[in-house]
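I have placed the structure first, in the form of structure tokens, so that the comments after it can refer back to it.
In this note's numbering, the protein residues as written are 134 to 236.
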């Protein structure tokens, strides 16, 4: 396994399984994989408030899993190219954590 994949797996196990917001973060990543969305669109799609979405986007953004298109208000987020190319790591982590997904 490539070093990036090992590191990504560790980050995802912590991000999705080691924190209370793991399920919400997974839902956000899955939605963003389908198409870029801004926080308001994510909030509507997940039926939560805007601040909740912003809170749950912070850690994945800091770890290079999601990217904000620009710094403007309402700018869309999308999953990073590295995460998209290594989506199989998310699927592995979901199996390890016993999470069922839509994929």
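Here a beta-carbon is modelled for each residue, glycine too, at the ideal position from N, C-alpha and C.
Secondary structure at residue 183: helix, using DSSP grouped into helix, strand and coil. Taking 8 Å as the upper bound for CB-CB distance, residue 208 and residue 201 are in contact here, some 5 Å apart. Annotation: residue 222 to residue 232 spans about 13 Å, alpha carbon to alpha carbon. Between residue 141 and residue 203, the C-beta spacing is not below 7 Å. When the five nearest sequence neighbours on each side are left out, the beta carbons in the same chain lying within less than 7 Å of the beta carbon of residue 154 are those of 189, in order along the chain. Collapsing the DSSP output to three states places residue 212 in a strand.
Contact between residue 198 and residue 212 is confirmed by a C-beta separation of about 7 Å, below the 8 Å threshold. With 16 or more other Cβ atoms from the protein chains shown falling within 10 Å of its own Cβ, residue 158 counts as buried.
According to the DSSP assignment, residue 221 belongs to the alpha helix (DSSP H) that extends over 220 to 230.
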